[in-house]
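Following the working numbering, the numbering of the sequence shown begins with 1091 at its first residue and continues without gaps.
Below: the structure, in structure tokens.
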Amino acid sequence: MKSYLQRIGRSLMLPVAVLPAAAVLLGIGYWIDPSGWGGESPVAAFLITAGSSLIDFMPILFAVGVALGMSKDQNGASALSGLVGYLVVTNLLSPDSVAMLQQIDVEAVDAAFGNIENQFIGILVGAIAAAIYNRFSQTRLPQALAFFSGRRLPPILTAVTMLFLTFILMFIWPPVYNALVAFGTGISSLGAVGAGLYGFFNRLLIPVGLHHALNSVFWFDVAGINDIGNFWAGTGELGVTGMYQAGFFPVMMFGLPAAGFAMYQLADEDKKAETASLMIAVGFASFLTGVTEPLEFSFMFIAPQLYLLHAIFTGISLFVSAFFGWTAGFGFSAGFIDYFLSFNLPLANQPIMLLLQGLVFAVIYYFGFRWAIVQFDLQTPGRGVAVEASVGDTETGAADTATATEGSQGDSEFSRQAQIILDGLGGPANVDSLNYCATRLRVDVNDMDQVDEARIKQAKVPGTNITSDHHIQVIVGTEVQFVADEIEKLRMK
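See the structure below:
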């Protein structure tokens, strides 16, 4: 079950990766016309409308993205199946259709059906469409029906299956929706404390990749909160809308890079240069783009006490920003790019204060991490044996790289990394399937005993994470796609 949810989480990264485009368009539009929201400038209206088109149709992106991401070969037919399924369900369960089917007035239709076009339905339909595609995409029909064989069959079967799903949702969706609303309302009714609790659990779920499920309740229109959509659309309450986003900026832009600096300072003298190269790279990614996984995975498993401290600090940060009503928003993650783009949006409330809060949290993270590392003698990148697990030994790493790339002097750095990682995974024959999300390779292996984590880490990756008897994640960083592509080339040889 956990592995399945992780696959959904991985698949969600595809549609989520589109959101920065909306952030750019909306951000520039609101910078041009911050008061009229596009009404006073044709250029601003053009950009805002373009950005809103992505935000408003996010559920469709989720249906298509999940169907494509969870398909076995990621063929376009799976994405079409997701789109077909979504259109069938949402049209049949629209208030007008439900009123007709139940033979009641539209005004008497449960409010849940007025919110049927949401990310939860998109994810559900996408997952079902992917399962149908994986099962029937290679099916051969009798000669008379041969035209509909293979990849043409799943979209048709998906449409038929959605009829049954629609019947089930007719009865199930109202209580499910109302339960989600109650959960979200329960947390949101706690105000700043609720925001803090959300931030704490958000970080705790990162190691298993299940934070997306929690995020969907608060960031998207699953339980009526829709913090991201409302913030960028300018529909909400100043100082409140954005409270589930704002507190991440001080952490990702300032706190985590400061923690990386503390780990560098406490590294062994002979490993400081290597630790510095790692921390500069992952710290810059955290500050600029808000991609924190490479930095977090560098200490998450070798020093879990530090990760718990990080989760607590994150919760406190969201509490503080929500308490004072300081808000900013992101389309992708809480890095400087999104901060800059959201600075002038209508619902951005005193965003400059988040920078001051960030400076404070840089101090908190720096001294908090230093204290914990020294107090509990924790192993961190470059400190003790942890350098072997986090940044690799340069001498053995160089030797292994030379061996792995012997006769291939012209290969890129990605191909060298790919060869080492594939060796550590037990070779091509041991890899059952390989996918990637924003920063991680997600690999299903046939025999975990053949996996050599030490060998994988000689590729200078931040870390690894074994999540089940047959699944391992390799944290590479934001250039993970290029490493994955090189591994696929090696597997095809």
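Ideal Cβ placement from N, Cα and C applies to all residues, glycine included.
Query                                                                                                                                                                                  : Result
Could you check where the beta strand (DSSP E) with T1554 kicks off and where it finishes?                                                                                             : G1553 to S1558
Drop a sphere of 10 angstroms on the beta-carbon of L1446, count the other beta-carbons inside from all chains shown, and report buried for 16 or more, exposed for fewer.             : exposed
Would you mind sorting I1442 into buried or exposed? The rule is 16 or more other CB atoms within 10 Å of its CB.                                                                      : exposed
Between which residues of its own chain and V1450 is the CB-CB distance below 8 Å, once the five residues before and five after are set aside?                                         : P1340
Are the CB atoms of P1149 and N1208 nearer to each other than 8 Å?                                                                                                                     : yes
Verify whether the separation of the beta carbon atoms of L1354 and G1472 is less than 8 Å.                                                                                            : For the sequence presented, residue 1354 should be read as Tyr rather than Leu. Yes, Cβ-Cβ distance for Y1354 and G1472 is below 8 Å.
Looking at the strands, I want to know which residues DSSP matches up with I1213.                                                                                                      : Paired residue(s): none; I1213 is not in a bridge.
If you scan the region 1434 to 1479 from start to end, which runs of the alpha helix (DSSP H) of 4 or more residues do you find wholly inside it?                                      : 1442 to 1465
Taking 8 Å as the threshold (C-beta atoms), are G1216 and Q1172 in contact?                                                                                                            : Here residue 1172 turns out to be Gly, not Gln, going by the sequence shown. Going by C-beta atoms, G1172 is nearer than 8 Å to G1216.
Starting from V1570, trace the beta strand (DSSP E) in both directions and tell me its first and last residue.                                                                         : From DSSP, V1570 is part of no beta strand (DSSP E) but of the alpha helix (DSSP H) over V1570 to M1582.
Relative to the alpha-carbon of G1159, which residue among K1547, S1523, V1535 and A1189 has its alpha-carbon at the smallest distance?                                                : S1523
For F1291 and A1363, what's the separation of their Cα atoms in angstroms?                                                                                                             : 34 Å
Once DSSP output is grouped into helix, strand and coil, what is the label at Y1176?                                                                                                   : helix
At 4 residues or longer, what runs of the alpha helix (DSSP H) sit wholly inside the region 1344 to 1383?                                                                              : 1346 to 1355 and 1362 to 1379
Between the Cα of I1546 and the Cα atoms of E1386, A1452, S1187 and Q1563, which residue gives the shortest distance?                                                                  : Q1563
Smallest Cα separation from F1466: which of I1454, Y1526 and Q1395?                                                                                                                    : Q1395
Go ahead and pull the three-state DSSP assignment for T1493.                                                                                                                           : Its pLDDT being 39, under 50, T1493 is placed unreliably in this model, and the value from its coordinates should be taken loosely. T1493 falls in the helix class under three-state DSSP.
Measure the alpha-carbon distance for W1309 versus N1320 and round it to whole angstroms.                                                                                              : 9 Å
For the beta strand (DSSP E) holding Q1563, just list the boundary residues, first then last.                                                                                          : H1561 to I1565
Look up R1545 in the DSSP assignment and give the residues it is bridged to.                                                                                                           : R1545 is not bridged to any residue.
The alpha helix (DSSP H) spanning Y1397 covers which residue range?                                                                                                                    : P1394 to F1414
Pull up the DSSP beta-bridge partners for D1534, would you.                                                                                                                            : S1523 and H1561
Spatial neighbours of A1249 within its chain, please: C-beta separation below 6 Å, excluding the five flanking residues on both sides.                                                 : V1174 and V1178
Identify every run of the alpha helix (DSSP H) within the region 1224 to 1304, keeping only runs that are complete inside it and at least 4 residues long; order them along the chain. : 1243 to 1278 and 1282 to 1294
Within 8 Å, do at least three Cβ pairs link the region 1375 to 1393 to the region 1263 to 1278?                                                                                        : no
From V1154, T1180, S1161 and Q1164, pick the residue whose C-alpha is nearest to that of L1170; which is it?                                                                           : V1154
Just the Cα atoms here: how many angstroms apart are A1393 and A1202?                                                                                                                  : 44 Å
Checking the sheet assignment: what are the DSSP bridge partners for T1529?                                                                                                            : None; T1529 has no bridge partner.
Quick one, which of A1549, T1139, V1108 and V1533 has its alpha-carbon nearest G1119's?                                                                                                : T1139
CA-CA distance, N1333 and V1570?                                                                                                                                                       : The residue asked about is misnamed: residue 1333 is Met in this sequence, not Asn. Between M1333 and V1570, the C-alpha separation is close to 31 Å.
Once you ignore the five residues that flank F1210 on each side, which residues in its own chain have a CB closer than 7 Å to its CB?                                                  : S1306 and V1312
For the alpha helix (DSSP H) containing L1431, list its first residue and its last residue.                                                                                            : F1426 to S1432
On the premise that Q1507 lies in contact with N1520, defined as a C-beta separation below 8 Å, what is that separation, rounded to the nearest angstrom?                              : N1520 to Q1507, Cβ: 18 Å. No contact.
In angstroms, rounded to a whole number, what distance separates the CA positions of L1255 and A1424?                                                                                  : 36 Å
With 16 as the cutoff for other CB atoms within 10 Å, does E1496 come out buried or exposed?                                                                                           : With a pLDDT of 38 at E1496, under the threshold of 50, the modelled position of this residue cannot be trusted; read the value that follows with caution. The residue is exposed, with fewer than 16 neighbouring Cβ atoms inside 10 Å.
Here's the rule: buried if 16 or more other CB atoms are within 10 angstroms of the residue's CB, otherwise exposed. What is F1457?                                                    : exposed
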